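Read through the structure below, which is laid out as structure tokens, and then see the notes.
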DNA sequence: AGAATACGCAACCTTTCGGTTGCTTTTTTC
DNA sequence: GAAAAAAGCAACCGAAAGGTTGCGTATTCT
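Protein chains in written order, with my numbering: chain B, 13 to 127; chain X, 13 to 127.
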């Protein structure tokens with residue numbers, strides 16, 4: 013289950029896509045509703061529709077959302093794969109750090125960490 | 013223990029700080045070693061020391077690393093709090109999405125997708 | 001058919017980002 | 001004490017980010 017072969021560039025792109033308040037807000041809205049159009053996502057945000065479209069494009073490029081065109085609307089929904097991959101990475105960072113800390117605490121001057 | 017009151021702006025800043033390959037590499041290096049100086053972090057990276065310093069500044073501003081000055085060196089180490097908070101958020105996103113999917117699967121024809 | 005809705009595309013603007021070079025300061029080494 | 005090492009600061013640069021406006025195009029409503 014841990015066989016994710018996630019390229020560092022994809023990971024960086026994922027975090028970069030999440031690294032914007034507006035896009036986080038979009039993600040939050042998409043959690044509540046299954047699918048939302050550009051215009052409905054724009055409601056409540058004080059930016060133009062094009063700005064929202066651009067953000068959605070960025071999220072889609074990062075494969076954080078998926079797009080379905082339905083008539084004159086374009087519906088966006090969350091795509092969890094990348095979210096889970098990013099999640100797994102952060103869990104790994106936290107875990108490794110934890111181990112590093114324990115190593116540090118138990119025997120401080122022990123193991124010349126060259127390698 | 014889940015009482016994290018994490019501001020969306022901090023969350024966005026955290027992800028933004030992680031949204032760069034170079035900085036991800038720095039984080040990766042800091043996982044292995046407990047503490048590293050700017051110059052030792054620069055080794056193996058094909059950028060100037062100042063560039064590395066800037067990245068570390070960004071990571072420090074996002075509270076992803078902590079700084080300790082020791083003599084003429086400045087040592088950086090991972091600060092896990094924000095990593096864990098970001099991790100918790102992504103877990104939440106994945107979970108909520110999961111529930112949304114179940115909702116969707118159980119009663120599909122409910123909400124007239126027209127067309 | 002005509003009007004309105006939903007959206008994409010392109011151009012443009014300003015700010016930020018990632019990076020560089022040059023210089024200064026502090027600490028360590030010889 | 002002089003040289004070298006480690007790093008901060010400031011200015012500068014090109015590219016990308018985030019935003020806007022204007023216009024074109026398909027789809028839906030009446």
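Even for Gly, the Cβ is constructed at its ideal location relative to N, Cα and C. If you're wondering where the values come from, they're calculated on a predicted model, not measured in any experiment.
Assigned with DSSP and collapsed to three states, residue 52/X falls in helix.
Look at residue 35/X here: in three-state DSSP terms it is helix. Distance from the CA of residue 49/B to the CA of residue 68/B, rounded to the nearest whole angstrom, comes to 10 Å. Here the C-alpha atom of residue 54/B lies approximately 45 Å from the C-alpha atom of residue 56/X.
At a beta-carbon threshold of 8 Å, none of the residues of chain X lie near residue 72/B; the nearest stands roughly 16 Å away.
Scanning its chain for C-beta atoms nearer than 7 Å, with the 5 sequence neighbours on each side dropped, one finds around residue 74/X the residues 25, 26, 29, 94, in chain order. If you check the CB distance, residue 47/B and residue 84/B do not come in under 7 Å. Taking every protein chain shown into account, the CB of residue 18/X has fewer than 16 other CB atoms within 10 angstroms, so this residue is exposed. Leaving aside the five residues that flank residue 79/B on each side, the residues in its chain whose CB is nearer than 7 Å to its CB run, in chain order, 72, 86, 88.
Separation of residue 22/B and residue 60/X (C-alpha to C-alpha, rounded to the nearest whole angstrom) is 24 Å.
Taking 7 Å as the CB threshold, residue 19/X stays off the interface with chain B. With fewer than 16 other beta carbons inside 10 angstroms of its own, residue 20/X counts as exposed. Judged by their CB atoms, residue 90/X and residue 42/X are nearer to each other than the 7 Å cut-off.
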